[in-house]
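Working notes, beginning with the structure itself.
2 protein chains.
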Amino acid sequence: MGTNTFTGEFRYSIDAKGRLNIPAKFRKALPETSEDTFVVTRGGEENIAVYSLDKWREKEQELLTLSSKLRAHRAYKRQATRFATPLKFDSQGRVAIPANLLQHAGVDKEVVIIGMIDEIEIWDPDILKRYEETEFQLDAEDIEAIDKYTRSS
Amino acid sequence: MGTNTFTGEFRYSIDAKGRLNIPAKFRKALPETSEDTFVVTRGGEENIAVYSLDKWREKEQELLTLSSKLRAHRAYKRQATRFATPLKFDSQGRVAIPANLLQHAGVDKEVVIIGMIDEIEIWDPDILKRYEETEFQLDAEDIEAIDKYTRSS
DNA sequence: GATTATTACCCACTATTAACCATAAGTTAG
DNA sequence: CTAACTTATGGTTAATAGTGGGTAATAATC
Chain C
1 MGTNTFTGEF RYSIDAKGRL NIPAKFRKAL PETSEDTFVV TRGGEENIAV
51 YSLDKWREKE QELLTLSSKL RAHRAYKRQA TRFATPLKFD SQGRVAIPAN
101 LLQHAGVDKE VVIIGMIDEI EIWDPDILKR YEETEFQLDA EDIEAIDKYT
151 RSS
Chain S
1001 MGTNTFTGEF RYSIDAKGRL NIPAKFRKAL PETSEDTFVV TRGGEENIAV
1051 YSLDKWREKE QELLTLSSKL RAHRAYKRQA TRFATPLKFD SQGRVAIPAN
1101 LLQHAGVDKE VVIIGMIDEI EIWDPDILKR YEETEFQLDA EDIEAIDKYT
1151 RSS
């Protein structure tokens, strides 16, 4: 079956019970070891980030190397985990997104779902449009820095 | 059964008898060898730290490597253990948190419970908010140090 | 040893969540 | 072109979770 990465953009809606359908294409892209489970959390912007359970386990492993003795380490670990929730999708392919995440992303009913290779973003359509006009803009300097970064990896 | 780590944030309340419900999700994440038991103690901040019995045993092992000859080691070991109390939860999943810990965390009734992978934190909502605005903030330098730390592990 | 306070053990209620069933629109296959 | 299947969406029922209170057992105090 096709690629096992998340690509493309979809416009779905959340029903009265807070359930959101995950595009079939994305569900099929989940590895077997993720056990029909996505992990949702706060995204970097005013949105919701979604990972496969596998990807999340990787993140956890990294966080576990931090020291519980150091304040900065605790703060980082706390911020990374306090909003994270594993969600198994039901027989129809839907997950129930926690209310506090919906609120953080300013989502009410309509939603844009964006595939970003190894992660997924969920946006409120209006907020997304606002960001497109401002924060998403990159100048030549940004592009140059990114080019440098990718070459050094 | 799903993931066996603690993630997410919950807002619960302590009842008139001083009992606090542990989120079902966290109880299920407890390994069999922890025998329905959490260990509570003072957290690094103005909060209460909660560990699985297994995790606490690990911490004890670490403390045993310290030297009883060195003053600082004795002080650290003393501070880490004098407030630690193992608590078995009742048939409804609740534990009775010792009064001195509640006082230390400034908790009266309302409580925020935060999952941090291999440990749990209990906060007073107002105090948590205060810390969010100050101590939780990390600057670029902190982040860089953490990135370095995880990469070297 | 009697009295009081504290802790453990049940039972009960309600709201939320999860499991189940159903359908209409759209796709794919024969 | 039609039949079988998939997909997105809606609703209903059953189970679980969180909370509150009562009673018996235990511990502490006088």
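Chains as they are written, first to last, in my numbering: chain C, 1 to 153; chain S, 1001 to 1153.
Built from N, CA and C at the ideal position, the CB exists for glycine as well.
Predicted, not measured: the structure shown is a model, and the values here were computed from it.
The straight-line gap separating the alpha-carbon atoms of residue 1037 (chain S) and residue 1089 (chain S) is approximately 7 Å. Per DSSP, reduced to three states, the secondary structure at residue 143 (chain C) is helical. Here residue 1097 (chain S) is near residue 1040 (chain S), since their CB atoms are less than 8 Å apart. Excluding its 5 nearest sequence neighbours in each direction, residue 1020 (chain S) has C-beta neighbours in its own chain below 7 Å: 1012, 1014, 1094, 1095, 1097 and 1111, listed in chain order. Here the C-alpha atom of residue 123 (chain C) lies approximately 34 Å from the C-alpha atom of residue 70 (chain C).
Per DSSP, reduced to three states, the secondary structure at residue 1081 (chain S) is helical. Pairing residue 1138 (chain S) with residue 51 (chain C) gives a Cβ-Cβ distance that is not under 8 Å. Residue 68 (chain C) reaches chain S at 1044 and 1119, counting residues in chain order whose Cβ is nearer than 8 Å. Restricting attention to S:1006, S:1016, S:1018 and S:1048, the CA atom closest to the CA of residue 1031 (chain S) is found in S:1006. Listed as beta-bridge partners of residue 86 (chain C) by DSSP are C:39. Interface annotation, residue 58 (chain C): not in contact with chain S, CB-CB separation never under 8 Å.
Within the segment 57–141 of chain C, the alpha helix (DSSP H) runs of at least 4 residues that lie entirely inside it are, in chain order, 71–81, 99–104 and 125–133. Residues of the segment 73–94 of chain C that bring their beta carbon within less than 8 Å of a beta carbon in chain S comprise 73, 74, 75, 76, 77, 78, 79, 81, 82, 83, 84, 85, 86 and 88, in sequence order. The DSSP-derived three-state label of residue 1152 (chain S) is coil. Counting along the chain, residue 29 (chain C) sits inside the alpha helix (DSSP H) bounded by residues 24–29. In the DSSP assignment, residue 10 (chain C) falls within the unbroken beta strand (DSSP E) covering 9–13. Excluding sequence positions up to five before and after residue 120 (chain C), its CB lies within less than 6 Å of the CB of 6 and 50, all in the same chain and listed in chain order.
Here residue 64 (chain C) is near residue 1118 (chain S), since their CB atoms are less than 8 Å apart.
At a beta-carbon threshold of 9 Å, none of the residues of chain S lie near residue 5 (chain C); the nearest stands roughly 23 Å away. Here residue 74 (chain C) is buried: its Cβ has 16 or more other Cβ atoms, across all protein chains shown, within 10 Å.
Between residue 1042 (chain S) and residue 1101 (chain S), the gap from beta carbon to beta carbon is short of 8 Å.
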